[in-house]
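With my numbering, letter number 209 in the sequence shown gets 262, and the count goes up by one each step, no holes. Quick reminder that beta carbons are idealized off the backbone N, C-alpha and C, glycines included. This structure is a prediction, so every number in the text was calculated from the model and none was measured. Taking it in order: structure first as structure tokens, then the write-up.
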Amino acid sequence: MTSLRKYVLITGCSAGGIGAGLAEVFREKGYHVFATLRNPSKLPQTLSKVSNVTPLTLDVLSSESIAAAVKTVSQETGGRLDVLVNNSGQTYIMPALDVDLNKARNLFDLNFFAPLAMIQAFAPLLIEARGIIVNQSSAAAYVPMSFSSVYNGSKAALTMATDTWGRELQPLGVRTLTLITTGVKTHAFDNIERPKVPESSYYYVIRDYIVRMSDGRLQEGAPDTRTYALKVVGAVQKGTTGEIWVGKDASINHWALRLLPSSVFDLVLDGFLKVSGELAKVAESMKSRR
Numbered sequence: 054m055t056s057l058r059k060y061v062l063i064t065g066c067s068a069g070g071i072g073a074g075l076a077e078v079f080r081e082k083g084y085h086v087f088a089t090l091r092n093p094s095k096l097p098q099t100l101s102k103v104s105n106v107t108p109l110t111l112d113v114l115s116s117e118s119i120a121a122a123v124k125t126v127s128q129e130t131g132g133r134l135d136v137l138v139n140n141s142g143q144t145y146i147m148p149a150l151d152v153d154l155n156k157a158r159n160l161f162d163l164n165f166f167a168p169l170a171m172i173q174a175f176a177p178l179l180i181e182a183r184g185i186i187v188n189q190s191s192a193a194a195y196v197p198m199s200f201s202s203v204y205n206g207s208k209a210a211l212t213m214a215t216d217t218w219g220r221e222l223q224p225l226g227v228r229t230l231t232l233i234t235t236g237v238k239t240h241a242f243d244n245i246e247r248p249k250v251p252e253s254s255y256y257y258v259i260r261d262y263i264v265r266m267s268d269g270r271l272q273e274g275a276p277d278t279r280t281y282a283l284k285v286v287g288a289v290q291k292g293t294t295g296e297i298w299v300g301k302d303a304s305i306n307h308w309a310l311r312l313l314p315s316s317v318f319d320l321v322l323d324g325f326l327k328v329s330g331e332l333a334k335v336a337e338s339m340k341s342r343r
């Protein structure tokens, strides 16, 4: 008896990104891939008009768009989906005191509520296939990187929720896997909105440092999307559940976070980010305000 073809839907498959890398590797492993993205023109040529790939326009913030995707996938697969990869997401760099609350809410919509909406919509197909949900989180869920509190919070929420959803879905035959991603070499920072720290900000004195956080330097030395995707797809095929740390120095970061005292870990983190010296400048500038 031949096994059923396996199907995977991946959000955020723009060229040069993690989603596109995952789509390529899933396709190579024999899956039929629904490569989704909001702007179809950003789909890489390697995923356009090739076998085993169905490009889909999908806005994960639109319930109507999600419903249309469910209908298309259900028709093409006979009502089943083996893997749902919630990969779409965005970062936001800004001191908490200067955060635009509308932007913050929008970020939570994209990074947290959109994956939940996708899970709710595709649940019947995943249950039919006894499938797996793969949610794209970040080491930022555990590492308190300064000036990224909204992003960190959204990923922390997603990480905890995915663990909880996994427990709820287990009796229905659906697994969950959380990707605790560190650095990966992508185009993510190419079009990111640079932080514009207002002149009235307490942190205006270190505005250049805050802007540099969005220039992609944290990706230096990181693996490419294919290397990353091979590990993730391998974990999916092995039936891995829970969390996996993937990306630049992922294992080292994971064990350091678990084993080092928080004070020591903070020193290691500061050695990498050099933030304590910048915060000292802020403290010094406060003296002139008094």
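- Segment contact: the stretch 148-159 against the stretch 218-227, fewer than three CB-CB distances shorter than 8 angstroms; contact not assigned.
- Between leucine 134 and methionine 171 the beta-carbon gap is near 11 angstroms, outside 8 angstroms, which marks them as no contact.
- Collapsing the DSSP output to three states places valine 113 in coil.
- In chain order, Leu310 place their CB closer than 7 angstroms to the CB of tyrosine 195, counting only its own chain and leaving out the 5 sequence neighbours on each side.
- No Cβ-Cβ contact shorter than 8 angstroms links proline 251 with valine 264.
- Our two residues, threonine 234 and threonine 293, have alpha carbons roughly 16 angstroms apart in a direct line.
- For glycine 65 and aspartate 243, the gap between their C-alpha atoms comes out near 15 angstroms.
- When DSSP states are grouped into helix, strand and coil, isoleucine 233 belongs to the strand group.
- For the pair valine 86 and valine 227, the Cα-to-Cα distance works out to about 19 angstroms.
- Shown here for threonine 110: same chain residues with a beta carbon closer than 6 angstroms to its own, the five before and five after excluded, namely Pro93 in chain order.
- Judged by DSSP in its simplified three-state form, proline 108 adopts strand.
- Judged by their CB atoms, glutamine 272 and lysine 82 are not nearer to each other than the 8 angstroms cut-off.
- Residue Ile297 holds the alpha-carbon nearest to the alpha-carbon of threonine 229 among Leu322, Ile297, Ile119, Gly72.
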